[in-house]
Structures are given as C-alpha cells and as structure tokens.
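I have placed the structure first, in the form of structure tokens, so that the comments after it can refer back to it.
This is the structure we're talking about:
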C-alpha cells in the first residue's frame, strides 16, 4: 500500500512539475501597446505582392488521404495559383484565384469548377479542405495582415521569453494569435488561428526575412500538414499566372448558380 501511495504522489508531483513547465512563449508578463505589432504585420503584406513556395502536403480524414507536392504562387490583391503535379510531367489539379473568382481544373478528368473568391463551396471538390475563403490565402501563407483587416479587438502582451503575443478577435472568423520573437526588432514566428471548422498554425523561419516553413490545419475529423520549401519573395508575379486556367472546350460547373 505504501509503495502504491508513494508511486501515486510521485506521479502527482511529476504532473504538477510538467504543468509548471508550460512553453515559455505563452507566459504573459504585462500588457503592451498592440499598434507597433499590427504595423509590422501590415508591412509584411508587401511580401504577398509576389511570393512562391513548394509545399509537401499530407492530408488525412475519415476515408480520404492525400500526400504529395504542390506549387503555390500568391500575389495581392487576393491572387493565388496552386498547382499539384501528377506523374510524367502532368498536372493533377490547377487552382487559380484572381480576387473575384476561383477556378479548380482537373485536366486528366476534364472537370472544372468555379466559385466566388470569398466562397467556401469549392472545398468538397478538392483533395483537401479549404479552412478559409480562398481570398485569404496570400495573407495567411505570408503571416501578414491586409490593409483593411477587420477585427473587433487587439491585445498585446510581453512574454517571459522576451517575445510578444498579439491577440486579435477577428469578426466572423474567430481568434488569431501571433507570437513575435525577442530582440530589438520584433519578428513574427508563429500564427495560430481558430477559424470556422478547426485551427490553423503557421510557423515561420527564425532567420530574416522570416518566411513560413510549416502549415497545419486541424479539425475534429481531418488534419492537413504542409512543409514549405524553396520559399521566395518575387519582385513581380509571372504574366498571366492568375488568368482563368480552363480551356474553352471544357464545361465549367458554377458552384454559385448550378444546383
């Protein structure tokens, strides 16, 4: 009995110790003015002017699984191009958004879809879920804020690590948390967001210009993970990158009007 009690109290002590050793980044010391950190994120939106990366993706959900490579190009305002290559130089999926419309085209199947840039109707027709409306992709992947970003509250805290936590309550979307690394010039190292359907985490490199290196979306039923490689800031996006990618002879299923 004494041995069991001793083991029990030892386990309790270990549990208390582990709880007290929570990640240092989330230990708040005091409140600070959030405006300088909002300005840093808005300034990073210039990165979304032209940004390209290669993503190694892995998606799992009940009954579905996708693992492969994808090429992503983003540009303001709300433009993006996502290409998933197939075998022998073919293309499995080509998805393009021009800020007004989003097209998804499967060349091998001859299937094409269209939806609004701020619509969520495309997700069921993709090999992985889209946790936010497509117009958010350029800013989400670069960890920046649009100039007209709409939030109902902003709070910032100095952390025990020397970093800063910026907390935003985003109207109609949920809570967003940015962690800035310590130093004379703060830089964003992580974004965590609670959005409709799950949570998103974007982790940046800790070396300038602090480009994103990992992405994760998790819901109750699905997980999408991506490692970002060969990320580059471009002076300009290639001409024609965000034009409608669907050949004229391919019928388009309009998800806004077709029933």
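Numbering (our numbering), first residue to last: 570 to 828. Beta carbons: idealized from backbone N, C-alpha and C, even for Gly.
Rounded separation between residue i and residue j - CA only
i           : j           : result
residue 726 : residue 695 : 39 angstroms
residue 630 : residue 667 : 29 angstroms
residue 591 : residue 598 : Legend: pLDDT at residue 591 = 37, less than 50; position of this residue unreliable, value from coordinates given subsequently. Rounded to whole angstroms, residue 591 to residue 598 spans 14 angstroms at the Cα level.
residue 769 : residue 659 : 30 angstroms
residue 805 : residue 603 : 31 angstroms
residue 830 : residue 785 : The question about residue 830 has no answer, for the chain in this structure spans 570 to 828.
residue 644 : residue 772 : 20 angstroms
residue 752 : residue 732 : 8 angstroms
residue 851 : residue 662 : Residue 851 is absent from the structure shown; the chain starts at 570 and stops at 828.
residue 819 : residue 723 : 47 angstroms
residue 814 : residue 675 : 10 angstroms
residue 777 : residue 651 : 25 angstroms
residue 807 : residue 621 : 11 angstroms
residue 613 : residue 783 : 17 angstroms
residue 811 : residue 750 : 34 angstroms
residue 826 : residue 816 : 20 angstroms
residue 721 : residue 754 : 26 angstroms
residue 714 : residue 640 : 22 angstroms
residue 673 : residue 801 : 24 angstroms
residue 636 : residue 780 : 23 angstroms
Start-to-end residues for the alpha helix (DSSP H) that takes in residue i
i           : result
residue 610 : 604 to 613
residue 707 : 706 to 711
Option nearest residue i by Cα separation, candidates the options
i           : options               : result
residue 757 : 655, 735, 744 and 630 : 735
residue 638 : 776, 649, 625 and 750 : 625
residue 685 : 809, 671, 732 and 706 : 671
residue 761 : 748, 721, 755 and 652 : 748
residue 609 : 712, 677, 796 and 826 : 712
residue 797 : 822, 606 and 642      : 642
residue 824 : 628, 807 and 683      : 683
DSSP state of residue i mapped onto helix, strand, coil
i           : result
residue 809 : coil
residue 658 : coil
residue 618 : helix
residue 826 : coil
residue 599 : strand
residue 695 : coil
residue 729 : coil
residue 802 : strand
Strand pairing of residue i, partner residues [DSSP]
i           : result
residue 773 : 781
residue 757 : 749
residue 651 : 641 and 664
residue 794 : 627 and 785
residue 764 : 767
Span of the beta strand (DSSP E) around residue i
i           : result
residue 670 : 670 to 675
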